[in-house]
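Only one structure is covered here, and it is reproduced in the block below.
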Amino acid sequence: MKLKYFEDTDTLYIEFRSDDIAESRDLDENTVIDLDAQGNVCAITFEHASKRTDVHHLTLEGIAA
């Protein structure tokens, strides 16, 4: 899993899996979800992230070894 924040565009990208993306769906005008061929969620993108999320505060819990 990867989290990337692009300050220049205020975009937060969360990648859950690195599989090939077969489809991207707009959840709303500022949120896109990426799916693989089986319909599994691969990633989600948040535009205007600093206004819509707490992007500057990250807490990790339950990290797998």
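Under the numbering used here, the first residue of the sequence shown carries the number 5, and numbering increases by one thereafter. Beta carbons: idealized from backbone N, C-alpha and C, even for Gly.
The bridge partners DSSP lists for S28 are D38. Distance check between T57 and each of D12, M5, Y17, K6 places Y17 closest, using alpha-carbon atoms only. If you compare the alpha carbons of H60, K6, G66, E51 with that of D32, the shortest gap goes to E51.
Under the DSSP assignment, A47 falls in the beta strand (DSSP E) whose first and last residues are 45 to 51. The beta carbon of S54 is closer than 8 angstroms to those of D14, H60 in its chain, skipping five residues each way along the sequence.
For G66 and C46, the gap between their C-alpha atoms comes out near 20 angstroms.
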